[in-house]
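Take any residue in the sequence shown, note its place counting from 1, add 19, and you have its number in our numbering.
Okay, structure first, notes after.
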Amino acid sequence: MTRILNHFAALFCAVVFITASLGNGKAQDDPYALAREPGIHLLMRHAIAPGTGDPANFELGDCSTQRNLSDEGRRQAEAIGARLKDNGVPIDVVLTSQWCRSRDTADRLSVAPVEDAPFLNSFFRDRGSADAQTQDALARIEALDAAGEKAVLVTHQVNITALTDVFPRSGEIILVSRNENGDLESRGRITP
20 MTRILNHFAA
30 LFCAVVFITA
40 SLGNGKAQDD
50 PYALAREPGI
60 HLLMRHAIAP
70 GTGDPANFEL
80 GDCSTQRNLS
90 DEGRRQAEAI
100 GARLKDNGVP
110 IDVVLTSQWC
120 RSRDTADRLS
130 VAPVEDAPFL
140 NSFFRDRGSA
150 DAQTQDALAR
160 IEALDAAGEK
170 AVLVTHQVNI
180 TALTDVFPRS
190 GEIILVSRNE
200 NGDLESRGRI
210 TP
């Protein structure tokens with residue numbers, strides 16, 4: 020009797036292990052498969068731009084006053100765009116912060132038309148605009164969902180963390196969808 024119980028216990032454990040392993044395998048094993056699904060958007064931190072924050076003389080319309088992509092960052096953005104295309108991720112629009120490092124990243128992805136999205140601008144220096152910008156981002160994603168469109172949203176670490184509680188690396192993509200409350204839920208990651 021003990022031998023039979025041990026056999027059933029081992030079989031039960033194997034079934035539980037296999038079920039857990041298969042659970043959300045698509046998202047874990049192939050983030051590009053998840054990225055292709057309807058309702059999933061790609062929330063991306065701009066590519067490598069050495070340093071933190073911006074110089075004291077920062078001006079939005081003048082890239083010479085900003086922290087910009089390095090040569091490595093430019094190559095990184097182009098490689099990320101190539102991987103998205105190679106993996107068949109359908110992108111309708113790339114929305115971007117107006118900061119030069121974000122705009123340069125968005126342009127170098129070369130996956131869809133690029134639009135400025137001021138709600139994706141960094142609020143690193145002005146935390147007072149964080150809530151309004153976050154609500155504007157959620158509203159735009161809701162509109163994208165209603166239109167059946169998929170977007171890459173190129174922005175900054177502080178914006179991504181406010182939306183998802185995730186602290187992304189440069190060039191990292193957080194795969195997100197809206198939950199039943201209308202908030203963003205992190206569903207997976209594409210690492211640079």
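Where is the CB? At the ideal position from N, CA and C, for every residue including glycine.
Since the model is a prediction, treat every value here as computed from it, not as a measurement.
query                                                                                                                                                        : result
Applying the 10 Å Cβ sphere with the 16-neighbour rule, what's the burial state of ALA66?                                                                    : buried
Just reading off the alpha helix (DSSP H) that LEU103 is part of, what are its end residues?                                                                 : 90-105
Compute the Euclidean distance between the alpha carbons of SER189 and LYS104, then round it to the nearest angstrom.                                        : 20 Å
Buried or exposed: where does ARG144 fall if 16 or more other Cβ atoms within 10 Å of its Cβ makes it buried?                                                : exposed
Starting from the Cα of VAL173, find the closest Cα among ASP155, GLY167, ASP123, ALA101 and give me that residue.                                           : ASP123
Where does ILE209 fall in DSSP's three states?                                                                                                               : strand
Straight-line CA distance for GLY80 to GLU134?                                                                                                               : 15 Å
Flag this pair as yes or no: are the beta carbons of LEU114 and LEU139 separated by less than 8 Å?                                                           : yes
Which term fits GLY201, buried or exposed, when burial requires 16 or more other beta carbons within 10 angstroms of its beta carbon?                        : exposed
GLY72 and ASP164 look like a contact to me (Cβ under 8 Å); what is the Cβ gap, rounded to whole Å?                                                           : Going by Cβ atoms, the distance from GLY72 to ASP164 rounds to 33 Å, so no, they are not a contact pair.
CA-CA distance, ARG55 and GLY107?                                                                                                                            : 7 Å
If you run the structure through DSSP and keep just helix, strand and coil, what is GLU199?                                                                  : coil
If you draw a straight line from the C-alpha of ALA101 to the C-alpha of LEU128, how long is it?                                                             : 7 Å
Leaving out five residues on either side along the sequence, give the residues of the same chain with a beta carbon under 7 Å from the beta carbon of GLU78. : THR84
Of the residues ARG120, GLN154, ASP90, which one's Cα is nearest the Cα of LEU203?                                                                           : GLN154
What distance in whole Å lies between the Cβ atoms of ILE179 and ILE160, which are believed to be in contact at a cut-off of 8 Å?                            : Rounded, the Cβ-Cβ distance is 13 Å, inconsistent with contact.
Which of helix, strand or coil does DSSP assign to ASP48?                                                                                                    : helix
Based on the DSSP secondary-structure assignment, which residues constitute the bridge partners of ILE193?                                                   : LEU62, ARG208
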